[in-house]
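Student: So the sequence lines, in the order shown, correspond to chains U, C, L and D. Going by numbering that gives the first Met the number 0, the first sequence opens with residue 0, and the numbers climb by one from there. Going by numbering that gives the first Met the number 0, the second sequence opens with residue 0, and the numbers climb by one from there. Going by numbering that gives the first Met the number 0, the third sequence opens with residue 0, and the numbers climb by one from there. Going by numbering that gives the first Met the number 0, the fourth sequence opens with residue 0, and the numbers climb by one from there. No residue lacks a Cβ here, since even glycine has one placed at the ideal position from N, Cα and C. Please find one structure pasted underneath; my questions will follow.
There are 4 protein chains.
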Amino acid sequence: MEKEHNFISERTKWKRQVYRIIFLSDTKLGKLFDLVLLVLILLSTFIVMMESVKIFDAKLHLVFVILEIIITAFFTVEYVLRVLTIKNKKAYIFSFFGIIDFLAILPFYLSLFFPITKYFLILRMLRMLRVFRIFNLLDFMNDGYFIVRALKHSSRKIYIFLLFLVIFCVIVGSLMFMVEGHREGFESIPQSIYWAVVTVTTVGYGDVSPGTPLGKFLSVLLMLAGYSIIAVPTGIVTAEMRNKRQNLEKVCDRCGNEDIDDDSRYCKICGEKVV
Amino acid sequence: MEKEHNFISERTKWKRQVYRIIFLSDTKLGKLFDLVLLVLILLSTFIVMMESVKIFDAKLHLVFVILEIIITAFFTVEYVLRVLTIKNKKAYIFSFFGIIDFLAILPFYLSLFFPITKYFLILRMLRMLRVFRIFNLLDFMNDGYFIVRALKHSSRKIYIFLLFLVIFCVIVGSLMFMVEGHREGFESIPQSIYWAVVTVTTVGYGDVSPGTPLGKFLSVLLMLAGYSIIAVPTGIVTAEMRNKRQNLEKVCDRCGNEDIDDDSRYCKICGEKVV
Amino acid sequence: MEKEHNFISERTKWKRQVYRIIFLSDTKLGKLFDLVLLVLILLSTFIVMMESVKIFDAKLHLVFVILEIIITAFFTVEYVLRVLTIKNKKAYIFSFFGIIDFLAILPFYLSLFFPITKYFLILRMLRMLRVFRIFNLLDFMNDGYFIVRALKHSSRKIYIFLLFLVIFCVIVGSLMFMVEGHREGFESIPQSIYWAVVTVTTVGYGDVSPGTPLGKFLSVLLMLAGYSIIAVPTGIVTAEMRNKRQNLEKVCDRCGNEDIDDDSRYCKICGEKVV
Amino acid sequence: MEKEHNFISERTKWKRQVYRIIFLSDTKLGKLFDLVLLVLILLSTFIVMMESVKIFDAKLHLVFVILEIIITAFFTVEYVLRVLTIKNKKAYIFSFFGIIDFLAILPFYLSLFFPITKYFLILRMLRMLRVFRIFNLLDFMNDGYFIVRALKHSSRKIYIFLLFLVIFCVIVGSLMFMVEGHREGFESIPQSIYWAVVTVTTVGYGDVSPGTPLGKFLSVLLMLAGYSIIAVPTGIVTAEMRNKRQNLEKVCDRCGNEDIDDDSRYCKICGEKVV
């Protein structure tokens, strides 16, 4: 009985240690693990890239395959350990990082049963998102959250803006389809819409460009419009960020007021001292 | 007499119900109607697009025509019902959405009398604007109004800015016409102005690009200018948005003060409690 | 004696009336004059543009020449009247608009003595700047001044920024000259600098684009840099505009404080009531 | 003994004078020295540029070589004097400008021992950075520091943003590699990533552009994304600059409060008079 208890606590202890290493980074081993993981993620992404370059793949195909097997083995062991050592297994498995961790090993095992298709590629590339897990640990992501939050808060406005923009491009594209007759690059309305987006976003590939004087005149109007309305998303995000900036730093303990300037000594709502 | 009265109130009742369904969206039927309308608008736009693609039109021309007839029939019935059920008919007919609703059915009936020309196309595309009517109902457009209002308030400044920019481009274009002699793409002043706008807005198709060293030097100056002055519309809109942001949310009941922070409990002008 | 006095005051009266018509726009005739002037300026600019298009020039050369003579005659009479009727003649002649007014008629008279060269063209285009004189009168330029002032106040910072940018482009261009060997478009350092500016300003003509993998990698870095540092001029101008915004509206009569919010009722410095 | 002392103080005096001329610019000679230095730096950069242009190099190679020798001689003497006359020699030699000063003369002496390679070129171009030393003296760099500081303070956020962007481009690039099959310009994943960066940063060379309808659709999404998220770095830097703006001007002597408006007469925290 004692033995069993000991054994269980042994197991629990072992789990705790492993958990600390792979989920946290407050120990030496935990930091080393993160570093190894980061290197393997980058290496694995690099391999997928290089595989797609014919001259490298011709020479080094075997090396790539072997490295892929080793890395997948490591990721598999890591995934199993993560599932074993965490308490709330279900929450982990269906969390964002849980899914990414699983997708990182999926393509390899799929390829054992199905012929390798190019569609595995994108799955293998999603591994790259795992770097965020490590940055997360390294307390590097506060600024990342700042950006994400600002974008999230402005997202509704930006979606509406994009809706306006898309409808604008559809109408301008149709107009241009009429104007440019059926010249090269304006063969159909979808093509012309493609051109309108390329122009209004100031990308301007030049694979499609207006040929008739009227077409050029309309393009000029469209470019000037695009050059001006780029101000809209910028204005939205800038206004949001200034707001977020202020809100991030301090909160009043008494009244919960979040809008406290960096230089405030007292809450402007209730007069409580803020630290 | 009673009967007639009943009949009239019957009619009025019928009108009210229809009005509620097609103009509002606070009933189940009203919401369903909006959904059907949205789908038909998008479908109709999609058909116009697909018709312009030769390979699709060759195969599916009949399908497109039939769908167009069905959709136009629906839109026509809808338009008639709108005119019948609304009280202020004149105001509706000449309102923005009234005109858009009318233009949505016009091309079909015109095509019965006149040969179909490509100019009908843009009329059919304007239907797309009807989606805003639905977004309007769905309380989705607050942020849209925010953007429109910010653009409206900055519009004078942006027009002036565009005037500066156009005059600048005209003069730079003329200069470039002189410099680049009559090389390809710089055959005339309008052409050179087209190039100047393409460059200063950072679109840069590349269908026209400078060939002489002096031309390239001038281009470099123009690009640097364009890269810097994009700041102007952005600055205008950002400043406007920050202003609008604050003004939108709350107004003080007593003194009419509109500049009330999200976290204010009391009006900063008169001390009135704000909700 | 009386007669002479009368004659003089006649002349003075005549001068005053003409002055009022051509320099101001507070009379009906003054407004008509402005309108005619605006039309002639735009027409004259339009003619210069059309002259440069071969097919129009071939057909309408005579019309263009005659119109040019008429417009120049009008501008000459106007210039003479301006000089005659203004009190401080010297100040006018050497003012910005005085010089522009003079340059507007110069090319024609020069062309009587010298063969017409393409260099006259740019002089004729400068006439376009005269439109600002009219906008000035029409009280349309307040927002224009706002923009100009904001740009002026940020100009030092923007010049420094451009200096940084130019030095950055020179060094990156040289680096790219080394990397891309002597491939097409990178034949010399000035060429490579041209490419660097095209890239960093996100214009991207595509007349020059990197060919080697290392060159593409460097381009990617350069693009990301350009995409990020476009924030700098925008930030400068936005910050300046917000400042200018506040200062424009109101000034405290007592202490001269210019930073008065739109909703202020009392000066925040001295407590004086502000209207 | 006296003599020696005199001699030493002679030397010290001489050193002090030279130091004042080359390190400072508060004397006439010091200003002249700065001017000469500026001209030589620009000339030297100009020569490197011109050398790379074949037609100039063919004609003027000897002139370029002689000028290079003269300028290097001047820079060498200057460098030796700087080391001799400054007190803290080590600090100077390993300072930013010390290294730049040394690198300015290095390529010439290296070329005496090693064959001239194109890699010397970039070293010679780095000389250009020496202009900052002069601008520094001329009190021209306050605004430069303002920009650098704002960028520095936002750099963490911008790095994170670029990290997001790069990972986004890698994934989109891989997706596009799958979609566009192995069409021209999308032969490998690195190539496709290059295209994704060219697109998302709105550079849009057009050397690579999508060919398939699905590819064009994805491009449109990518362009709209790029057009929207350019708001992020701009928002970051703008928010930072507004902060910096305020902090730069004044500081309260008593409480150290840095957020003092341009028009404040009293510190808003402690009520101390601010000058």
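Just the Cα atoms here: how many angstroms apart are A230 of chain C and F131 of chain D?
Tutor: A230 of chain C and F131 of chain D have their C-alpha atoms spaced approximately 25 Å apart.
Student: DSSP state of F93 of chain D, grouped into three classes?
Tutor: Of the three classes helix, strand and coil, the one that applies to F93 of chain D here is coil, per DSSP.
Student: Does the separation of the CB atoms of L125 of chain D and L102 of chain D fall below 8 Å?
Tutor: yes
Student: At a Cβ cut of 9 Å, what residues of the stretch 37-49 of chain L count as close to chain C, listed as they run along the chain?
Tutor: Correct list: T44, V47, M48, M49.
Student: Taking the straight line between their C-alpha atoms, what separation do you get for D153 of chain U and L223 of chain L?
Tutor: The residue you asked about is not Asp; residue 153 of chain U is Ser in the sequence shown. Looking at the two C-alpha atoms, the distance is approximately 23 Å.
Student: For chain D, is any of its Cβ atoms less than 8 Å away from the one on R241 of chain U?
Tutor: yes
Student: Kindly indicate which residue of U:R15, U:F73, U:V147, U:S94 has the alpha-carbon position closest to the one of L37 of chain U.
Tutor: U:F73
Student: Please confirm whether D100 of chain L and R81 of chain L have their CB atoms less than 8 Å apart.
Tutor: yes
Student: Would you mind working out which of D:Y91, D:V196, D:G97, D:R129 sits nearest V35 of chain D, comparing C-alpha positions?
Tutor: D:R129
Student: Whole angstroms is fine: what's the gap from M177 of chain L's alpha carbon to E183 of chain L's?
Tutor: 13 Å
Student: Taking only runs that begin and end inside the stretch 128-206 of chain D, name each unbroken alpha helix (DSSP H) of 4 or more residues, in chain order.
Tutor: 130-136, 141-178, 188-199
Student: From I98 of chain C to G225 of chain U, what distance separates their C-alpha atoms?
Tutor: 27 Å
Student: Looking only at its own chain, which residues have a Cβ that is under 7 Å from the Cβ of H181 of chain L, when we skip the five neighbours before and after it?
Tutor: The answer is none, since no qualifying residue turns up.
Student: Tell me which residues share the same chain as L164 of chain C and place their Cβ nearer than 6 Å to its Cβ, disregarding the 5 neighbours each side in the sequence.
Tutor: none
Student: Residues of the stretch 164-184 of chain D in Cβ contact with chain U at a cutoff of 8 Å, in chain order, please.
Tutor: I166, V169, I170, S173, L174, F176, M177
Student: Of all the options C:T201, C:V202, C:A195, which has the alpha carbon lying nearest to the alpha carbon of G214 of chain C?
Tutor: C:A195
Student: Judging by CA-CA distance, which residue of U:G143, U:E77, U:P106 is the nearest neighbour of I235 of chain D?
Tutor: Among U:G143, U:E77, U:P106, the Cα nearest to that of I235 of chain D is on U:G143.
Student: Nearest-angstrom Cα distance between S218 of chain U and T198 of chain U?
Tutor: 8 Å
Student: Taking the continuous alpha helix (DSSP H) assigned at F73 of chain L, which residues delimit it?
Tutor: 53-84
Student: Can you look up T211 of chain U in the DSSP assignment and give me helix, strand or coil?
Tutor: coil
Student: If you reduce the DSSP assignment to three classes, tell me which class F113 of chain L lands in.
Tutor: coil
Student: Determine the direct distance from the alpha carbon of N141 of chain U to that of F160 of chain D, and round the result to whole angstroms.
Tutor: 12 Å
Student: Report yes or no: is there a C-beta of chain L within less than 8 Å of the C-beta of T200 of chain U?
Tutor: no
Student: Report buried or exposed for L221 of chain U, applying the criterion of at least 16 other Cβ atoms within 10 angstroms of its Cβ.
Tutor: buried
Student: Please report the straight-line C-alpha distance between G205 of chain C and G203 of chain U, rounded to a whole angstrom.
Tutor: Pairing G205 of chain C with G203 of chain U, the inter-Cα distance amounts to about 8 Å.
Student: Taking T11 of chain D as the reference, which of D:I157, D:K86, D:M49, D:R123 has the closest Cα?
Tutor: D:K86
Student: Looking at chain C, is there any beta carbon in it that lies within less than 8 Å of the beta carbon of G205 of chain D?
Tutor: yes
Student: In the structure shown, what three-state DSSP assignment does L102 of chain L receive?
Tutor: helix
Student: How is Y118 of chain L classed by DSSP in three states: helix, strand or coil?
Tutor: coil
Student: Any beta carbon of chain U sitting closer than 8 Å to that of S24 of chain D?
Tutor: No, S24 of chain D does not count as interfacial toward chain U.
Student: Which of helix, strand or coil does DSSP assign to T233 of chain U?
Tutor: helix
Student: Starting from the C-beta of V47 of chain C, find all residues in its chain whose C-beta is less than 7 Å away, skip the five residues before and the five after it, and write them out in chain order.
Tutor: Cβ neighbours of V47 of chain C beyond the five flanking positions: L120, R123, M124.
Student: Taking 8 Å as the CB-CB cut-off, is L146 of chain D touching chain L?
Tutor: The displayed chain sequence assigns Ile, not Leu, to residue 146 of chain D. Output row for I146 of chain D: interface = yes.
Student: Assuming R104 of chain L and T84 of chain L form a contact by the criterion Cβ under 8 Å, report the distance between their Cβ atoms to the nearest whole angstrom.
Tutor: According to the sequence shown, residue 104 of chain L is Ile rather than Arg. Not really, about 17 Å apart at Cβ, beyond 8 Å.
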